[in-house]
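Here's the structure we're looking at; comments come further down.
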Amino acid sequence: MVRKRPDLRTLLFQAKERDSYVLVVGLGLSGLSACQLFISAGFRVIGLEDLRRDEFVEKCVDLKSFYELEKKGLKLVFSPVVNDYPTILDQVALAVLSPGINLKSPLLSALRQLDIPYWGELELGLLLSGAKSVVVTGTNGKSTTTSLIANLLSMAGMPARLCGNIGLPISEVLQPQQLDGESMLKDFLVVEASSYQLESFADYEADIAVFMNLSNNHLARHGTEEEYLKAKLKLFELQSSCAYSVINADEPCLDQIKSSLRGRVVYFGELLASREKHPGVWFDYRPSEGIDRLLLVSDAGCFETNISGAELKGRHNRYNIAAAVCVGEILNIPVDTTIKAVTAFKPLSHRMELVSTGWPLIINDSKATTVEATRVALSSILEAYPDANVLLLLGGLSKGSSWQPLINLIQLVPEDQVKVVAFGSAAPEIHESFLEEMIEVEVFSEMQSAVRHAVNLLDKKSVLLFSPACASFDQFTDFEQRGNVFKSLVIRLIEH
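Following our numbering, the numbering of the sequence shown begins with 52 at its first residue and continues without gaps.
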């Protein structure tokens, strides 16, 4: 059920007139940015954080900004208990939620009981911006596709801002005058949106919404895969008939997705005989045969181009490229500009990032935090280098998903072509799951030890694929830190 909320600009006008508070829940990067935006616009702001102050200061992503906001009058509430909520919320006109805030929390129940409207930081920023937008969601490939689209728009002379779950928090993109409705943001917003950000959406209509794929993720937050998909699909259910929905035609849950589509639909995916004359953007990727082409099919005809020179490698990246090309077509960007932009785009760090310059190949895919992401990564390597031996580094903090999809893939190739090395808190679980299927796994408690062992096993025909399939929080602050530690360690080991 979609929550009914008052008009946002009217509410902000009334809040300023009555000297009421804006409550910002969660003081991570997006929360601090929201505090800065509202304080700069002349609002009184309460910042609420579940941690104690000393715990927060130890973990704060931007202490300098935090202390500056405190000096500017940010009222702070740390580690509140439920009985404190009526007092805290007494003069609050609206609440802004950081992505990590669970909608089932006691605080959200208190907001609903007191009829205090709330918006997620991303949706609120999009509503206030007045800008055109492309919003990308899905489980894997979001960051690459979002960055591809932003790069494409910039090359086409359309100023674009990368924000949301990648780039800047949207509150940092906005100016105070946008809160008063005095001006609209002229730049195109290209947004990566996670399920955490989308589950509170109730008002915003994206001009172009892109669905990449779905696999089990964030089940600790959403409970079931159905609820996870439901959060993603809010983006499409809120669109009108004049908006565009760009959809992966190969997605197994396509029928469920179709029932939520309200806009004009543009499909992308793998070229099949049945699709050769079907409108959409289709890729034909057969690296063993030297075929890597893209077909753009529309009512005006069919355009075919070779994309074998693309910096982005692998089948999974053909989906990312095809989705970006769909957006280019919708925005009437010349096709030669689009192809130039997507083929020249270099992989993002920690996403199938090539660390070595020659053989053995060393690939940093630290962003792969799910079994499905790692399955896709390994499949891409086996398809591109069918004769290579692969050392697969798995581990970290398990998300509780089944390892069977990855096991099934390994069982399709010759025995010992893929060797598995596991590390971190998930290592015993990985070892047990793979051993049940007669696949040996070498286990190490720390990532660094696993990397050293794997490097010692490399030869001239090897690929070392660091694609953990797990969260990083057992040993690292995030996947970026994990990837950087991997890169620096493996480079040092190779050089010596």
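Glycine is no exception: its CB is placed at the ideal position from the N, C-alpha and C atoms.
- Under the three-state reduction of DSSP, Lys391 is assigned to helix.
- Taking C-beta separations shorter than 7 Å and ignoring five residues to either side along the sequence, the partners of Asn299 in its chain run Phe262, Met263, Asn264, Phe319, Gly320, Tyr370, following chain order.
- For the pair Tyr295 and Ser246, the CB atoms are not nearer than the 8 Å cut-off.
- DSSP places Ala375 inside the alpha helix (DSSP H), whose first and last residues are 366-381.
- Note on geometry: alpha-carbon atoms of Cys86 and Leu63 lie some 14 Å from one another.
- As summarised for the stretch 112-146, the continuous beta strand (DSSP E) elements at least 3 residues long and confined to that stretch are 126-129, given in chain order.
- Contact between the stretch 495-502 and the stretch 418-427 is not established, with fewer than three Cβ pairs separated by less than 8 Å.
- A direct Cα-to-Cα measurement between Ile458 and Glu302 gives close to 21 Å.
- Collapsing the DSSP output to three states places Arg56 in coil.
- A contact between stretches requires three or more CB pairs, one per stretch, nearer than 8 Å, and the stretch 531-544 fails this requirement with the stretch 463-483.
- Per DSSP, the continuous beta strand (DSSP E) segment holding Val96 begins and ends at 95-100.
- With fewer than 16 other Cβ atoms inside 10 Å of its own Cβ, Ser234 counts as exposed.
- For the 8 Å CB-CB criterion, Arg212 and Leu240 form a contact.
- Ile90 and Lys115 have their alpha carbons spaced roughly 16 Å apart.
- Within the stretch 275-302, the runs of beta strand (DSSP E) that reach at least 3 residues and sit entirely inside it are, in chain order, 295-299.
- In this chain, Arg533 is not harboured by any beta strand (DSSP E); it is covered by the alpha helix (DSSP H) spanning 530-546.
- For Gly320, DSSP records a beta bridge to Trp333.
- The C-alpha of Gln455 is placed about 24 Å away from the C-alpha of Val502.
- If you draw a straight line from the Cα of Met206 to the Cα of Leu249, it is about 29 Å long.
- Between the stretch 388-403 and the stretch 189-209 there are three or more inter-stretch CB-CB distances shorter than 8 Å, so the stretches are counted as touching.
- Minimum Cα-Cα distance from Leu158 among the listed residues Gly171, Leu173, Leu140, Glu172 corresponds to Leu140.
- Going by DSSP, Asp306 is part of the alpha helix (DSSP H) stretching over 305-309.
- The beta carbon of Asp529 lies closer than 8 Å to those of Ser523 in the same chain, with the five residues before and after it left out.
- In the same chain as Pro220, and ignoring 5 residues on each side of it, the C-beta atoms closer than 6 Å to its own belong to Leu80, Ser81, Ser84, in chain order.
- Within the stretch 175-211, the complete beta strand (DSSP E) segments of 3 residues or longer fall at 184-188, listed in chain order.
- Inter-segment contact for the stretch 478-485 and the stretch 503-512 is absent: fewer than three beta-carbon pairs are separated by less than 8 Å.
- Residue range 492-495 is occupied by the beta strand (DSSP E) that includes Phe495, with no alpha helix (DSSP H) assigned at that position.
- Minimum Cα-Cα distance from Val224 among the listed residues Leu179, Ile259, Ser149, Gly232 corresponds to Leu179.
- Burial of Ile384 is indicated by the presence of at least 16 other C-beta atoms within 10 angstroms of its C-beta.
- Taking C-beta atoms as the reference points, Glu109 and Leu78 fail to come closer than 8 Å.
- Here Ala351 is exposed. Its C-beta has fewer than 16 other C-beta atoms within 10 Å.
- In this structure, the beta-carbon distance from Leu429 to Ser518 falls below 8 Å.
- For Thr408, no beta strand (DSSP E) segment is defined, and its DSSP state is neither H nor E.
- Beta-bridge pairing by DSSP links Glu243 to Val187, Gly215.
- Per DSSP, the continuous beta strand (DSSP E) segment holding Asn357 begins and ends at 352-357.
- Rounded to whole angstroms, the Cβ separation of Lys364 and Met403 is 7 Å, and the two are in contact under 8 Å.
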